[in-house]
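In this note's numbering, the protein residues as written are 173 to 425. Even glycine gets a Cβ: it sits at the ideal position worked out from N, Cα and C. Please read these numbers as outputs of a predicted model, since none were measured by experiment. To keep things clear, I will list the structure first and then write my remarks on it.
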């Protein structure tokens, strides 16, 4: 862990107890539900705008690290386990599936209340917390804090609940992932293509558009819902098969 001498030792130790190896994390269970057809690697999915999708058609594109201020856990590659196949479809019309190898990852499960409270307690001791609470730069301060927290505890993946929703696509118990890329000094890589994923390929075409409402707390569908929504498990199997065969699943409004 990176030294932060001004953080109480008891708080640091408690946070470290919640930064766990992949094998004993919630992610291990989700990965088993998201395996490829050969059972060799877990799959994740990221939805992106059609304007960025062409590079994924031939399997040559790389999932991009998101550096937009205000994103939930800072600069990271945001995906969902394929077990939640359409949970983040509100963000783009093209679903890109990729494999990943979390075997040696350290995971922080922010889907649980205590890890959330530990992070907020940690923020309370940060010298720059006034910028977060008392200035117009809160988005930048949040980005800085979240990046610093993940770096201080060398967290490879944060699990969290959806914070932008559409009830036909994402549920309150779904799990999203923020995945860290590191440089040679174990500092966060904040832009460019992620090296944490492989064999990226388009597998889903979403035939719907979404509009941000209530300051982007929700995203409303502009056409549907029209068609019956299939269970996540059935959709996962369809998408997994399409990915293996180089085909597409059409997700209707």
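Contacts around residue i, its chain only, beta-carbon distance under 6 Å, and the 5 residues preceding and following it disregarded
i, result
"residue 246", "315, 318, 319"
"residue 277", "194, 328, 329"
"residue 203", "214"
"residue 305", "none"
"residue 418", "none"
Nonlocal neighbours in the same chain, by C-beta distance under 8 Å from residue i, ignoring five residues either side
i, result
"residue 371", "231, 270, 271"
"residue 366", "234, 235, 236, 237, 249, 351, 353"
"residue 180", "297"
"residue 396", "340, 380, 424, 425"
"residue 307", "313"
"residue 285", "none"
Residue j beta carbon less than 8 Å from that of residue i
i, j, result
"residue 190", "residue 287", "yes"
"residue 256", "residue 346", "yes"
"residue 197", "residue 279", "yes"
"residue 375", "residue 267", "yes"
"residue 244", "residue 332", "yes"
"residue 183", "residue 274", "no"
"residue 242", "residue 303", "no"
"residue 373", "residue 384", "no"
"residue 221", "residue 342", "no"
"residue 349", "residue 192", "no"
Own chain, CB closer than 7 Å to residue i, minus 5 neighbours either side, in chain order
i, result
"residue 393", "338, 340, 380, 382, 425"
"residue 422", "377, 379"
"residue 368", "249, 272, 351, 353"
"residue 155", "The structure shown does not extend to residue 155, since the chain is modelled only from 173 through 425, so no value can be given for it."
"residue 412", "208, 209, 215, 254"
"residue 401", "340"
"residue 361", "237, 353, 354, 355"
"residue 186", "290"
"residue 344", "333"
"residue 358", "326"
"residue 261", "219, 267, 341, 378, 423"
"residue 363", "237, 239"
Bridge-paired residues (DSSP) for residue i
i, result
"residue 215", "271"
"residue 374", "268"
"residue 424", "379"
"residue 181", "Answer is none; residue 181 lacks a bridge partner."
"residue 384", "391"
Suppose only complete runs of 3+ residues qualify. What are the beta strand (DSSP E) ranges in the stretch 233-297, listed by chain order? 249-253, 266-272, 278-281
Taking three-plus beta-carbon pairs below 8 Å as touching, is the stretch 216-234 in contact with the stretch 325-336? no
Between the stretch 398-412 and the stretch 287-299, can you find at least three pairs of beta-carbon atoms closer than 8 Å? no
So, does the stretch 217-224 touch the stretch 349-361, judging by three or more C-beta pairs under 8 Å? no
What are the complete beta strand (DSSP E) segments, minimum 3 residues, inside the stretch 298-368? 329-332, 348-351
Write down every uninterrupted run of the alpha helix (DSSP H) in the stretch 183-211 whose length is 4 residues or greater and which is fully enclosed by it, in chain order. 198-204
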